[in-house]
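Counting in my numbering, the sequence shown runs from 801 upward without gaps. All C-beta atoms in this analysis are idealised placements derived from N, C-alpha and C, irrespective of residue type, glycine included. I have placed the structure first, in the form of structure tokens, so that the comments after it can refer back to it.
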Amino acid sequence: MMQRLGFCDKGLRQGDPLAPFLFTIVAEGLTGLMRMATSKGKFAGYQVGEKKVPVSLLQYADDTIFIGEATMENVITVKCLMRSFELTSGLKVNFHKSNVGILGVNNSLTKRYVDLLNCKSLHFPFSYLGLPIGASARSSVTWKPVLQKIKDKLANWKHRFVSMAGRVCLINSVLSAIPFYYLSFLRMPALVHKKLIAIQRRFLWGMDEGTKKICWVKWETITSPKSLGGLGIKDMKCFNASLLAKWRWNLFYQKDTLWSRILDSKYGGHGSLGGGQRGRQHRFWSEWWRDLQKCCGSHEQSQWFDKIKRWKIGNGGEINFWEDVWIGEESLLQKVPRVYVNSKQQISTVALQKHAKDRWVWPIDKSGFFSVSSTYKALHDLKYNGQVDDLLAHIWHMKIPPKAAILQWRLLHNALPSVDNLLRRGIVLPPLDSMCVMCNEQPETLPHLFFSCPIADQLWKYYFSWASISTVQPQTVRLHYCQYPQLCSGLRQMKGWDIVRSAVVWCIWNGRNNKIFRRRVTALEELKANLHLTVWLWLKLNDLMDFTFDQWIACPSQCWQNGWRSQV
């Protein structure tokens, strides 16, 4: 048969791009055989819901499910179909890898059918296309493979050698992506959400198995947007709701698909997921559908989906005149409730284009259609509805290495392990160890370490001499970050100041850690040399200045004053 379609007689090599299409063509033959058997009454499929939508075969690549009544005639028909498929396609069906599952009958009948088909008995829940069929999404056991996969991934990473900036990137790009498939079908229970957060939190703060470290910043802050002072790590609850909300959108736009007709027949389709509750009664809803309704913003929830979507009026077949938002930001029922009470046409529709269908518009996305990214952002903003922190937001726009940006983020959050912060968290240190290791004159606090310590003060004055700035050193972290940009002339000098400030903070922190953990004293001149090199490297990487390293070493003040590139 395949030769008549133009394929070679010896098949395709492994990995050939035509191979998936070849299998699709062959599998279509099995669909045709089942369609013929159903039309002739040889196979009785299963009818779903009030509208009795017939289902007899589900197929994705080489994963196939036959669905029908538990009768001997159906079993014999399946056996005949498989044999006919083998003869026509040349493919061999492995019955030893196939399973038979029957609901609502005794075990003896199940065994009889299993023996007839020479298959294994199917036990619920079972896995199909990577999802547990028949399992409760609210049970943590169902999510155990996902959590185990994340743990296995962590076991392969030596995260003690990865910077915190690298760990943030790995959490967003890998750890948050592993449960993506499950999250697009199932609502994550609270217990699993807590376990997932615990895994991510431990990895973020560099905890090994059997060790415990301090979590310096609340997880709610970490998952908040960078503009609000967070790290922008995905909020898995908002992400889960965004993925599941796509079901409701697709139910509206894909009414003719088999899966949509099944859900419409059983539950009432997209209408039962909204605030209007136009679907079947609650007692007929499955656990999965109830969870889907909660994520889509049901009547008992925030109704966020209905608040975002807008109607574009066509023939009025889908829209409710009073209850739906089709003009303005509120429904007419909300705007003029007294008119609705006194109206004799409380059940009414509106039609503006008789030959066009009503459709939904998603205004928060440029395309007007639903997207997970725009929905996640909307839910995220709704949850973290705080004031934008311009200072913390500006950190992520600096042209500096991510590890230096993370260090300043922790500094502004007072989340670095200075002596005063350790004592505040109940970690007792010897009296001598509570002093600043850079000067041994005062107790170590972050404002002292980075600004008022004599060593730090000398470093800052060293930079100020380049820029010919004479000023009093601020005594708080935030005031320091806010004050000096006003002294810069031009955009490039402001960018340069961001780099220098980041380099000074970076050099001070490294010098402090070298003395504590490596027992190596970093003299002031060595700190200045490190600052020279770091600033020059970061400035050159940003293409901000026209000078060589020798020129920078010889006369940094002249380079700072006159070495800026002319174009911004």
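Counted within 10 angstroms of its Cβ, other Cβ atoms place residue i as buried (16 or more) or exposed
i	result
G1241	The displayed chain sequence assigns Glu, not Gly, to residue 1241. E1241 comes out exposed.
L1279	exposed
S976	buried
I1108	buried
Y982	buried
C1282	exposed
A1256	buried
V878	buried
V1125	buried
G1069	buried
Y1176	buried
G890	exposed
F1317	exposed
S1024	buried
L1229	exposed
Residue j beta carbon less than 7 Å from that of residue i
i	j	result
I1206	M964	yes
V1161	R1083	no
L929	Y860	yes
S908	V914	no
W1196	K1026	yes
W1338	I1299	yes
K1315	V1321	yes
K1199	N1342	yes
V848	K1066	yes
R1312	L1344	no
L1073	S984	no
T1276	P1254	no
G1371	L1028	Outside the shown range of the chain (801 to 1368) lies residue 1371, about which nothing can therefore be said.
I950	I1014	no
A1045	F1105	yes
L986	A937	yes
M836	L857	no
Separation of residue j from residue i, as counted between CA atoms
i	j	result
E1100	C919	Confidence at E1100 is low in this model, with a pLDDT of 48, below 50, so the placement of that residue is unreliable and no value is reported for it.
V826	A1193	55 Å
T824	L830	10 Å
I978	S940	16 Å
L991	L947	12 Å
S1270	Y1263	11 Å
S1173	G832	39 Å
R1138	E1123	14 Å
K1094	I1022	25 Å
Y1184	K851	43 Å
D1064	V1136	32 Å
W1089	M1294	54 Å
D1190	L1182	19 Å
C1096	A1041	7 Å
W1336	Q1208	19 Å
G1349	G1030	It should be noted that the sequence gives Phe, not Gly, for residue 1349. For F1349 and G1030, the distance between alpha carbons rounds to 36 Å.
A955	E1009	9 Å
S1357	L1212	29 Å
L903	R1225	57 Å
Q1153	I1127	15 Å
K995	K1012	16 Å
V1272	R1301	16 Å
Sequence-distant residues of its chain with Cβ nearer than 6 Å to residue i (five each side left out)
i	result
A1215	W1016, V1017
S1234	V1219, P1243
M988	N1040
Neighbourhood of residue i by C-beta, 7 Å cutoff - its chain only, sequence neighbours within 5 removed
i	result
N874	F843, A844, G868
W1047	L1092
H993	M1036, K1037
E886	K892, V893
I997	W1019
P817	none
A1178	I1108, I1164
T1245	S1218, D1220
F1169	W1162
V974	K953
G1079	Bear in mind that the predicted position of G1079 carries a pLDDT of just 47, short of 50, making it unreliable; the figure below should be weighed with that in mind. Once the five neighbours on either side are set aside, the close Cβ partners of G1079 are Y1067, G1068, G1069, G1071, S1072.
Close Cβ partners of residue i (< 8 Å) along its chain, the five nearest in sequence each way excluded
i	result
P925	P932, I933, G934, A935, T942
H896	N918, C919, K920
D1158	W1111, K1112, I1113, G1114, N1115, G1116, G1117, E1118, I1119
Residue-chain proximity (residue i, chain D), Cβ-Cβ < 7 Å
i	result
E828	Checking the listed chains, one finds no chain D in this structure; it contains a single protein chain.
Touching or not, the region 966 to 973 and the region 997 to 1004, by the rule of three or more beta carbon pairs under 8 Å?
yes
May I ask you to verify whether the region 1291 to 1306 touches the region 1199 to 1213, counting CB pairs closer than 8 Å and requiring at least 3?
yes
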